[in-house]
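A.B. asks: Under UniProt numbering, residues 1 to 141 are what the sequence shown spells out, in order. By construction, the Cβ of each residue, glycine as well, lies at the ideal position given by its N, Cα and C atoms. Predicted, not measured: the structure shown is a model, and the values here were computed from it. One structure follows; several queries about it will come next.
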Amino acid sequence: MENCIFCKIINQEIPSYKVYEDEKVYAFLDISQATKGHTLIVPKQHVTDIFEYDEEIAAAVFARIPKIARALEKAFPEMEGLNILNNNKELAYQSVFHSHIHLIPRYSKKDDFSIHFGNHTDQQSPAEMQAIADKIKEQVK
Numbered sequence: 001m002e003n004c005i006f007c008k009i010i011n012q013e014i015p016s017y018k019v020y021e022d023e024k025v026y027a028f029l030d031i032s033q034a035t036k037g038h039t040l041i042v043p044k045q046h047v048t049d050i051f052e053y054d055e056e057i058a059a060a061v062f063a064r065i066p067k068i069a070r071a072l073e074k075a076f077p078e079m080e081g082l083n084i085l086n087n088n089k090e091l092a093y094q095s096v097f098h099s100h101i102h103l104i105p106r107y108s109k110k111d112d113f114s115i116h117f118g119n120h121t122d123q124q125s126p127a128e129m130q131a132i133a134d135k136i137k138e139q140v141k
């Protein structure tokens, strides 16, 4: 893609702090570190978001996540956890439209990064939950 910042990083047109590269995947430090070691994993093939992945891209990207996660854990033994995030489309906070997976090391509850899901179990009845599940199930191919 012509004006994609991540494609330019992959093609070495823009510098990055690379931590891993192979024929399918490129991983580098996020320029705005949410926490120390915050790493982005991107497929080398330009895909906008998860909805454009085929099985080959998914296998390549997701197979590298544990390898890079273990490298973060070894590099930062003080790390106490890891968030793996993938935002898809603008409403879900995707800001660069080349798919990428965030690996965000966690060092303490005070490291200025949080996600809160809350408890929403009272929003749907069991029948509504089953209807939702059935609707999704029909589309899985």
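Are His38 and His98 close, meaning C-beta to C-beta below 8 Å?
C.D. replies: The answer is no: Cβ separation not under 8 Å.
A.B. asks: Pick out whichever of Ile115, Ile50, Leu40 has its Cα sitting closest to the Cα of Lys89.
C.D. replies: Taking only the C-alpha atoms, the option nearest Lys89 is Ile50.
A.B. asks: Hey, out of Ile9, Phe6, Leu29, Gln33, whose CA is closest to Tyr17's CA?
C.D. replies: The shortest Cα separation from Tyr17 among Ile9, Phe6, Leu29, Gln33 belongs to Leu29.
A.B. asks: List, from N- to C-terminal side, the beta strand (DSSP E) runs of 3 residues or more that fit wholly inside the UniProt domain "HIT" (5-115).
C.D. replies: Runs found: 18-21, 25-29, 39-43, 81-85, 101-106.
A.B. asks: With a cut-off of 8 Å, do at least 3 Cβ pairs link the region 115-127 to the region 57-72?
C.D. replies: Segments in contact, no.
A.B. asks: Starting from the C-beta of Ile57, find all residues in its chain whose C-beta is less than 7 Å away, skip the five residues before and the five after it, and write them out in chain order.
C.D. replies: Pro43, Gln45, Val47, listed in sequence order.
A.B. asks: Who are the near neighbours of Lys110 in its chain, counting only those whose CB is closer than 6 Å to its CB and skipping five residues on each side?
C.D. replies: Taken in chain order, the list of residues that qualify is empty.
A.B. asks: Beta carbon of Ile41, beta carbon of Ile68: below 8 Å?
C.D. replies: For Ile41 and Ile68, yes; Cβs fall inside 8 Å.
A.B. asks: In its own chain, which residues sit with a C-beta less than 7 Å from the C-beta of Lys8, not counting the 5 before and 5 after it?
C.D. replies: Here the set comprises Ile14.
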